[in-house]
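The structure under discussion appears below in the form of structure tokens.
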Amino acid sequence: MSDYLVIVESPAKAKTIERYLGKKYKVKASMGHVIDLPKSQMGVDIEDEYKPKYITVRGKGDILKELRSAAKKAKKVYLAADPDREGEAIAWHLAHALKVDENSDCRVVFNEITKDAIKESFKHPRSINHDLVDAQQARRILDRLVGYNISPLLWKKVKKGLSAGRVQSVAVKMIIDREKEIENFKPEEYWSIDASFKKGKKEFEGSFYGVDGKKQKLQSEDDVKSITAKMEGKTFSIDKVNKRERKRNPAKPFTTSSLQQEAARKLNFRAKKTMMVAQQLYEGIDLGKKSGGITGLITYMRTDSTRISETAKQEAKSYIEGEFGKEYLGYTGKGKKQEGAQDAHEAVRPTSVMRHPQSLKDVLSRDQLRLYKLIWERFLASQMAPAVMDTMTVHLLNNGIEFRATGSKIKFKGFMRVYVEGTDDNKKDENKILPDLKEGETVDAQEITPNQHFTQPPPRYTEARLVRTMEEQGIGRPSTFAPTLDTIQRRGYVSIDNKRFIPTELGKIVTSILEEFFPEIIDVEFTVNMEGNLDSIEEGKTEWVRIIDTFYSDFRVRLEKAEEEMEKIEIRDEPAGIDCEKCGHEMVYKMGRYGKFLACSNFPDCRNTKPILKEIGVKCPKCEEGNVVERKSKKKRTFYGCDRFPDCDFVSWDKPISRPCPKCESLLVEKKNKKETRITCTNCDYKESIQS
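Per UniProt numbering, the sequence shown starts with residue 1, numbered consecutively.
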């Protein structure tokens with residue numbers, strides 16, 4: 001018989017922790033919540049101070065029975081669920097179910113699953129934190145009151161299977177508002193003038209700045225002509241050369257939000273996938289007996305803090321000094337706490353920076369290795385010295401017309417030797433070096449080129465952009481971002497095209513209804529204030545019943561009004577203009593999880609469905625009868641094939657273009673990378689570059 005029983009959430013964690021604690025400890029997994037609100041009903045007694053009705057989760061009866069049996073045999077029970085509100089609620093439910101005194105030192109929390117961290121945490125057990133439990137309980141009850149009241153209304157008035165929620169509805173509204181901005185955007189014309197200069201054998205680029213020392217915008221072709229008319233020849237004098245040293249600081253270590261954003265940019269991971277892989281790294285990977293067996297590789301991945309422990313800082317310092325030298329050591333003082341952050345535990349970082357990603361190549365899956373490498377590099381870089389750049393700005397004059405050329409070169413790489421943060425716009429750091437230019441010298445412009453431009457509408461949200469915006473506005477918390485984005489796609493409220501969110505007709509209809517009858521549910525300020533209220537419950541400043549009651553007293557009135565006044569909306573399928581080849585009925589457009597598709601209007605008698613094929617205006621180069629269309633693989637990767645498939649099996653990962661190769665008359669394709677788009681021949685060495 002074991003002296004102590006430890007209960008965690010997952011079997012992977014249980015195995016790791018049991019090995020660290022030794023024979024006196026038996027570690028079992030609850031498999032998440034064993035007690036929760038029922039799925040089939042609201043489970044909240046509105047008339048009795050919103051008392052929740054908890055039940056044993058379906059399918060968890062045997063687990064709970066096993067835990068009760070083990071608890072009776074143990075001298076002491078420790079509840080070691082995750083270190084957040086959800087984990088505290090799981091521990092509280094277990095304490096009640098297993099008859100453990102919740103005011104005793106039964107609760108153990110740790111930020112990382114390593115031997116030292118686990119042993120240290122068991123030296124400092126505490127009682128259940130009721131404020132944390134109340135905050136989680138308030139969130140669950142609030143979401144039930146919203147979801148389980150509005151969703152049935154939407155089922156009745158619009159369509160079965162719909163749902164509404166505090167955070168998900170705001171996220172959909174943000175996507176719709178951005179689409180409206182794009183639709184209402186009126187492009188404005190503007191111009192630029194670029195010049196290619198030459199000094200000796202070296203060429204460099206410059207652009208028009210202004211006239212007589214004042215910056216000037218070029219809004220039309222006439223503005224350009226008036227500037228070029230004033231210029232006297234193509235010789236420019238160098239009026240001023242500004243040189244300065246600029247420092248660039250490293251990005252802070254990852255929070256949940258920044259990890260999801262960077263994994264989307266650099267690894268093309270969806271938020272849901274990022275969290276799933278991070279969970280695996282946190283819970284533990286078997287490194288083999290020689291390397292310590294099952295070991296947690298990163299700290300807890302649900303956090304809004306960039307704080308780092310002193311132990312981790314010192315280890316990073318030792319690694320940096322040994323690997324790169326003392327000059328690469330950065331400032332490792334206390335970081336500034338972000339406004340609104342709970343700061344409950346550390347940033348996401350490797351449990352040991354000495355565990356280099358390359359050393360784990362044989363034990364991690366491809367996705368695990370890529371995410372671990374990203375976390376490892378970001379953390380290490382955050383503890384390194386700033387990069388130092390030498391920048392140079394050259395002012396070139398021709399009869400009062402000023403052009404400017406800028407250049408920079410890296411003087412000291414610092415943290416950039418390890419990692420550089422990505423951007424949503426794929427902008428790359430340029431290391432443009434200008435020739436050695438001195439004031440008073442003259443240079444000749446080889447070419448002066450006017451360019452017409454038009455202002456662009458704001459971009460649609462990618463997952464990374466949406467997560468960043470939600471975090472900046474205080475909508476939701478680290479643990480809610482991934483499930484929220486997953487839900488709005490599953491419900492068919494948004495679709496994804498080219499990695500960007502587009503609202504569906506269904507999403508617009510539901511949001512319009514919520515705007516009319518439940519405006520607070522999709523109001524950003526209301527949602528942000530509610531998150532603040534939940535935080536104040538966690539801090540013990542507010543009673544959760546009062547927060548819920550304040551909300552529900554107004555919400556109840558709106559609900560009654562909506563029941564009476566909301567009209568039934570019939571969503572008709574849009575005709576596709578073609579007939580079903582199986583039964584002859586008309587095909588219609590349907591909305592699925594991954595966007596629109598074609599389906600037979602005679603459903604359920606006929607279940608014929610087809611993908612919507614997008615023609616690209618190119619004849620099939622193989623059969624010369626069909627047209628090349630855009631298709632999606634099972635992993636949602638775009639490829640191109642003949643619309644006569646399976647009669648013609650032409651496929652290409654690269655996009656074919658309509659004109660033939662000027663060299664050999666063969667097929668030309670478009671090849672893209674982050675830097676540029678190239679057109680290459682599939683038969684010979686012909687290549688051409690175009691702007692990406």
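In this text, a Cβ means the ideal position worked out from N, Cα and C, and glycines have one as well.
Taking residue i and residue j to be in contact with their CB atoms under 8 Å, please state how far apart those CB atoms are, rounded to whole angstroms.
i, j, result
"Ile548", "Ala138", "6 Å"
"Ile285", "Leu297", "6 Å"
"Asp101", "Pro125", "About 12 Å; that fails the 8 Å criterion."
"Lys622", "Cys648", "6 Å"
"Pro503", "Glu179", "5 Å"
"Tyr50", "Ile141", "6 Å"
"Lys23", "Ile7", "Contact flag wrong, Cβ pair sits at about 18 Å."
"Phe403", "Phe208", "6 Å"
Can you tell me whether residue i is buried or exposed, with buried defined as 16 or more other CB within 10 angstroms of its CB?
i, result
"Asp343", "Summary for Asp343: the model assigns pLDDT 46, below 50, so the residue's position carries little reliability; its value from the coordinates is reported in the next sentence. Exposed: under 16 other Cβ atoms inside 10 Å."
"Ser495", "buried"
"Asp685", "exposed"
"Asn111", "buried"
"Gly200", "exposed"
"Trp92", "buried"
"Pro350", "buried"
"His96", "exposed"
"Ile90", "buried"
"Gln314", "exposed"
"Glu88", "buried"
"Ser658", "exposed"
"Ile227", "buried"
"Thr303", "buried"
"Arg270", "buried"
"Asp36", "buried"
"Ser99", "The displayed chain sequence assigns Lys, not Ser, to residue 99. Exposed, by the Cβ-count rule."
So, at 6 Å on beta carbons, what are the nonlocal neighbours of residue i in its own chain, with the 5 sequence-adjacent residues on each side left out?
i, result
"His453", "Tyr190"
"Arg85", "Leu132, Ala135 and Gln136"
"Phe185", "Pro457"
"Arg631", "Phe639 and Gly641"
"Thr480", "Val167"
"Gly653", "According to the sequence displayed, residue 653 carries Trp and not Gly. Closer than 6 Å at the Cβ level, and outside the excluded window around Trp653, lie Phe639."
"Arg246", "Met389 and Thr391"
What three-state label does DSSP hand residue i in the structure shown?
i, result
"Ile537", "helix"
"Asp239", "strand"
"Gln456", "coil"
"residue 712", "Outside the displayed span of the chain (1 to 692) sits residue 712, for which this structure offers no information."
"Thr449", "strand"
"Met566", "coil"
"Gly641", "strand"
"Leu297", "coil"
"Asp554", "helix"
"Asn627", "strand"
"Pro253", "coil"
"Phe415", "helix"
"Gly577", "strand"
"Asn398", "strand"
"Gly407", "strand"
"Phe324", "coil"
"residue 694", "There is no way to answer for residue 694, as the model of the chain reaches only from 1 to 692."
"Tyr4", "strand"
"Val133", "helix"
"Tyr282", "helix"
"Thr114", "coil"
"Val348", "strand"
"Asp436", "coil"
"Ile679", "strand"
"Met354", "coil"
Using 7 Å as the cut-off, classify the Cβ of residue i as near or not near the heavy atoms of the ligand ADP, replying yes or no.
i, result
"Asp549", "The model depicted lacks the ligand ADP and carries no ligand whatsoever."
Just to confirm my understanding: we take residue i, look at its own chain, exclude 5 residues before and 5 after, and list those with CB closer than 7 Å. What are they?
i, result
"Glu515", "Ile522"
"Lys290", "none"
"Glu574", "Val588 and Tyr589"
"Ile401", "Val211, Ile227, Lys230 and Met231"
"Glu625", "Arg644"
In chain order, what residues of the same chain have a beta carbon less than 8 Å from the beta carbon of residue i, not counting five sequence neighbours either side?
i, result
"Glu203", "Ser196, Phe197 and Gln446"
"Asn399", "Lys230, Met231 and Glu232"
- At 4 residues or longer, and completely inside the segment 142-230: list those alpha helix (DSSP H) runs for me, N to C. 166-184 and 221-230
- Quick one: which unbroken alpha helix (DSSP H) runs of 4-plus residues sit fully inside the segment 458-526? Chain order, please. 463-473, 481-490 and 505-517
- Unbroken stretches of the beta strand (DSSP E), 3 residues or longer, contained in the segment 22-46: Restricted to the segment 22-46, the beta strand (DSSP E) segments that are unbroken, complete and at least 3 residues in length are 25-29, listed in chain order.
- Query: In chain order, which continuous runs of the alpha helix (DSSP H) of length 4 or greater are located wholly inside the segment 44-85?
  - Reply: Runs found: 61-73.
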